[in-house]
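Q: Okay, here's the structure, questions in a sec.
Number of protein chains: 2
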Amino acid sequence: MKICQIVGYKNSGKTTVMNSLIRYFSSSEMKVGTLKHHGHGGEPEVVDNTDSTTHIESGSLVSGVQGENTTQLTFEVKMNLDKLIQLYSNLPIDLLLIEGYKNASYPKIVLVKNEQDFSHLSDLSNIIAIGTWDEKLLNNNKFPTFNINNLDANIEQLAEYVRRC
Amino acid sequence: MKICQIVGYKNSGKTTVMNSLIRYFSSSEMKVGTLKHHGHGGEPEVVDNTDSTTHIESGSLVSGVQGENTTQLTFEVKMNLDKLIQLYSNLPIDLLLIEGYKNASYPKIVLVKNEQDFSHLSDLSNIIAIGTWDEKLLNNNKFPTFNINNLDANIEQLAEYVRRC
Chain F
2 MKICQIVGYK NSGKTTVMNS LIRYFSSSEM KVGTLKHHGH GGEPEVVDNT DSTTHIESGS
62 LVSGVQGENT TQLTFEVKMN LDKLIQLYSN LPIDLLLIEG YKNASYPKIV LVKNEQDFSH
122 LSDLSNIIAI GTWDEKLLNN NKFPTFNINN LDANIEQLAE YVRRC
Chain R
2 MKICQIVGYK NSGKTTVMNS LIRYFSSSEM KVGTLKHHGH GGEPEVVDNT DSTTHIESGS
62 LVSGVQGENT TQLTFEVKMN LDKLIQLYSN LPIDLLLIEG YKNASYPKIV LVKNEQDFSH
122 LSDLSNIIAI GTWDEKLLNN NKFPTFNINN LDANIEQLAE YVRRC
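Each protein sequence line maps, in turn, to chains F and R. Start counting at 1 in the first sequence, then tack on 1, and there's your number in the numbering used here. Start counting at 1 in the second sequence, then tack on 1, and there's your number in the numbering used here.
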């Protein structure tokens, strides 16, 4: 399973880039899985008053529901990223795109809004490429760089960086 | 990880028994996980317009969101029960209570509404005990049997059957 992180500061376009990559790879040969870190202490939205939430309220730490096509698991278990990735490795997927977890050490594509973001890149490890909206940064000579403006036209270039992850 | 199924025909009290057992075991020494089969071709309820559902719409087969305390994984992947249980075995739980999947072969407690249900028990494998609302069935001499009426008073007996799973 290939692993690639998409990270960036707030409002840097992570959601847009993630969905473009999911569409691109899932429409080609690859089975794609995704994992997103819900920042700022938030929680995933869950539907209230289902059997699943009732089980959690009763004390279950992991509550799963399997339907005809969809299965949903909800955990109230602290898991680090490595452990979560281990779960994914038991699923039939070829590519795991991870949104966020900036400080993790997996190969990553970093979205950079401006020169200030650019100056913080030395804090991050394993940068394969960067994407930017700022034309001044397109010709930096530190990282392979793609233009997030007009993502559709640049999707092949971006996909190639993911393949290098 | 101990595994115990709670199965029964429609409206036999599975939900009530499940939640009693979750409360009982999670308030004692055990870390409990649960898995429910959504019968009749239904699907688990999901919150629309989240990043997770957008990833699935874009083609992701497995979409996860990790929050501060809660992690939720949604799969659009056909998985049999054994594969799902393998996922649970990577999580820190001691007891997996499974609601439904009547025809699976794990040790099970069967909830029986009436003599007609009772007559179908030979279709099922690995029955550890049965629970019933029907006083006439309490003294059957085929299976260890507990009374679902007044579940709170009989919870120790029921829990003992789960420990035998």
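Heads up, the beta-carbon is just placed ideally off N, CA and C, and yes, glycines get one too. Since the structure is predicted, the reported quantities are computational estimates derived from the model, not experimental observations.
In angstroms with no decimal places, state the Cα-to-Cα distance between F/L22 and F/P145.
A: As a working mapping, residue 22 of chain F is identified with position 21 in the first sequence. As a working mapping, residue 145 of chain F is identified with position 144 in the first sequence. Rounded to the nearest angstrom, the two C-alpha atoms are 17 Å apart.
Q: Please name the residue or residues paired with R/S64 in a DSSP beta bridge.
A: Reading the second sequence from its first residue, position 63 is the one you call residue 64 of chain R. Paired residue(s): F/T35, R/T75.
Q: Near F/Y162, which residues of its chain fall below 6 Å by C-beta distance, leaving aside the five closest residues on each side in sequence?
A: Your numbering for residue 162 of chain F matches position 161 in the first sequence. In its chain, beyond the 5 residues on either side, I110, I129, A130 have a beta carbon closer than 6 Å to the beta carbon of F/Y162.
Q: Beta-carbon of R/S126 versus every beta-carbon of chain F: anything under 8 Å?
A: Counted from its first residue, the second sequence places residue 126 of chain R at position 125. Closer than 8 Å: no.
Q: Name the residue from R/E116, R/H38, R/K3 whose alpha carbon lies nearest to the alpha carbon of R/T16.
A: Taking the second sequence and counting its residues from 1, the one referred to as residue 16 of chain R is at position 15. Looking at the Cα atoms, R/H38 is the closest of the given residues.
Q: Does any C-beta atom of chain F lie closer than 8 Å to the C-beta of R/G14?
A: Position 13 of the second sequence, counting from 1, holds the residue named residue 14 of chain R. Not closer than 8 Å to any Cβ of chain F, the Cβ of R/G14 fails to qualify, so no.
Q: Applying the 10 Å Cβ sphere with the 16-neighbour rule, what's the burial state of F/M46?
A: The residue you call residue 46 of chain F lines up with position 45 of the first sequence. Looking at the sequence shown, residue 46 of chain F is not Met but Glu. Residue burial is scored here from C-beta neighbours: F/E46 has at least 16 other C-beta atoms within 10 angstroms and is therefore classed as buried.
Q: Does the beta carbon of R/I23 come closer than 8 Å to any beta carbon on chain F?
A: Position 22 of the second sequence holds residue 23 of chain R. Chain F contact via Cβ: present.
Q: Taking just the CA atoms, how far does R/I57 sit from R/R24?
A: By 1-based counting over the second sequence, the position of residue 24 of chain R is 23. By 1-based counting over the second sequence, the position of residue 57 of chain R is 56. Going by the C-alpha atoms only, they are around 33 Å apart.
Q: Between F/K32 and R/L62, how many whole angstroms is the CB-CB distance? I'm expecting something under 8 Å.
A: Position 31 of the first sequence, counted from the first residue, corresponds to residue 32 of chain F. Position 61 of the second sequence, counted from the first residue, corresponds to residue 62 of chain R. Contact holds; Cβ gap of about 6 Å.
Q: On the CB-based measure, 16 or more other CB atoms within 10 Å of its CB, does R/Q87 come out buried or exposed?
A: Counting from 1 along the second sequence, the entry for residue 87 of chain R is found at position 86. Counting Cβ neighbours within 10 Å, R/Q87 comes out exposed, since fewer than 16 surround it.
Q: Can you look up F/I149 in the DSSP assignment and give me helix, strand or coil?
A: Sequence index remark: in the first sequence, residue 149 of chain F carries index 148 (1-based). Correct three-state label for F/I149: coil.
Q: Given R/R165, which residues of its chain have a CB within under 6 Å of its CB, disregarding the five upstream and five downstream residues?
A: In the second sequence, counting from the first residue as 1, residue 165 of chain R sits at position 164. Taken in chain order, the residues that qualify are I129.
Q: Tell me where the beta strand (DSSP E) around F/A130 begins and ends.
A: For the purposes of this step, residue 130 of chain F is taken as the residue at position 129 of the first sequence. Run containing F/A130: 128-133, per the beta strand (DSSP E) assignment.
Q: Starting from the C-beta of F/A105, find all residues in its chain whose C-beta is less than 8 Å away, skip the five residues before and the five after it, and write them out in chain order.
A: Residue numbering aside, residue 105 of chain F sits at position 104 when the first sequence is read from its first letter. Same-chain partners within the cutoff: Q6, L82, I99.
Q: Using a Cβ-Cβ cut-off of 7 Å (strictly less than) and excluding sequence neighbours within five positions of F/F76, which residues of its own chain qualify?
A: In the first sequence, the residue the question calls residue 76 of chain F occupies position 75. Excluding residues within five positions, the ones whose Cβ falls inside 7 Å are L62, V63.
Q: Chain F beta carbons: is any one of them nearer than 8 Å to that of R/K37?
A: For this step, residue 37 of chain R is matched to residue 36 along the second sequence. Yes - at least one Cβ of chain F is within 8 Å of the one on R/K37.
Q: Per DSSP, which residues does R/K103 bridge with? Please list them.
A: Working through the second sequence from its first residue, we reach residue 103 of chain R at position 102. None, per the DSSP bridge assignment.
Q: So if I threshold CB-CB distances at 7 Å, which residues from the region 78-106 of chain F count as touching chain R?
A: Of all residues in the region 78-106 of chain F, V78, M80, L85, Q87, L88, Y89, N91, L92, P93, I94 have a Cβ within less than 7 Å of some Cβ in chain R.
Q: Do F/D49 and F/V66 count as a contact pair if the criterion is CB distance below 8 Å?
A: Numbered from 1 along the first sequence, position 65 holds the residue referred to as residue 66 of chain F. Numbered from 1 along the first sequence, position 48 holds the residue referred to as residue 49 of chain F. The answer is no: Cβ separation not under 8 Å.
Q: Identify the continuous beta strand (DSSP E) that holds R/L112 and give its terminal residues.
A: Stepping through the second sequence from its first residue, residue 112 of chain R is reached at position 111. Unbroken beta strand (DSSP E) run through R/L112: 109-113.
Q: Please report whether the beta-carbon of R/D52 lies at a distance below 8 Å from any beta-carbon of chain F.
A: If you number the second sequence from 1, residue 52 of chain R lands on position 51. Yes - at least one Cβ of chain F is within 8 Å of the one on R/D52.
Q: With R/V113 and F/P93 assumed to form a contact (beta carbons below 8 Å), what rounded beta-carbon distance in angstroms separates them?
A: By 1-based counting over the second sequence, the position of residue 113 of chain R is 112. By 1-based counting over the first sequence, the position of residue 93 of chain F is 92. Not a contact, Cβ separation roughly 38 Å.
Q: Mind pulling the chain F residues with CB within less than 7 Å of R/T17?
A: By one-based count along the second sequence, residue 17 of chain R stands at place 16. Here the premise fails: no neighbours, minimum Cβ distance about 11 Å.
Q: Count the other CB atoms within 10 Å of the CB of R/N20; is the residue buried (16 or more) or exposed (fewer)?
A: Taking the second sequence and counting its residues from 1, the one referred to as residue 20 of chain R is at position 19. So R/N20 counts as buried.
Q: To the nearest angstrom, how far is it from the Cα of R/S123 to the Cα of R/S27?
A: Residue numbering aside, residue 123 of chain R sits at position 122 when the second sequence is read from its first letter. Residue numbering aside, residue 27 of chain R sits at position 26 when the second sequence is read from its first letter. Going from the Cα of R/S123 to the Cα of R/S27 covers about 32 Å.
Q: Measure from the alpha carbon of F/G43 to the alpha carbon of each residue in R/E44, R/E30, R/T35, R/T71, then state which is nearest.
A: Taking the first residue of the first sequence as position 1, residue 43 of chain F is located at position 42. With distances taken between Cα atoms, F/G43 lies closest to R/T71.
Q: Between F/V48 and chain R, is there a C-beta pair that is closer than 8 Å?
A: Locating residue 48 of chain F in the first sequence gives position 47, where the first residue counts as 1. Put simply, the CB of F/V48 is near chain R, with a gap under 8 Å to one of its CB atoms.
Q: Taking just the CA atoms, how far does R/V18 sit from F/G101?
A: One-based indexing of the first sequence puts residue 101 of chain F at position 100. One-based indexing of the second sequence puts residue 18 of chain R at position 17. So the two alpha carbons sit approximately 40 Å from each other.
Q: Please name the residue in R/N151, R/T35, R/H41, R/F119 whose C-alpha comes closest to that of F/T55.
A: Within the first sequence, the letter at position 54 stands for residue 55 of chain F. Comparing Cα-Cα distances from F/T55 to each of R/N151, R/T35, R/H41, R/F119, the minimum goes to R/T35.
Q: So is R/P73 buried or exposed if we call it buried at 16+ other beta carbons inside 10 Å?
A: Residue mapping note: residue 73 of chain R aligns to position 72 of the second sequence, counting from 1. Correcting the residue identity first, residue 73 of chain R is Gln in this sequence and not Pro. The residue is buried, with at least 16 neighbouring Cβ atoms inside 10 Å.
Q: Using the beta-carbon of each residue, which ones in chain R are nearer than 8 Å to F/K32?
A: Along the first sequence, one-based indexing puts residue 32 of chain F at 31. L62, listed in chain order.
Q: Going by Cα to Cα distance, which pick from R/I149, R/N142, R/L159, R/S29 is closest to F/S59?
A: The residue given as residue 59 of chain F occupies position 58 in the first sequence. Nearest of R/I149, R/N142, R/L159, R/S29 to F/S59, Cα basis: R/S29.
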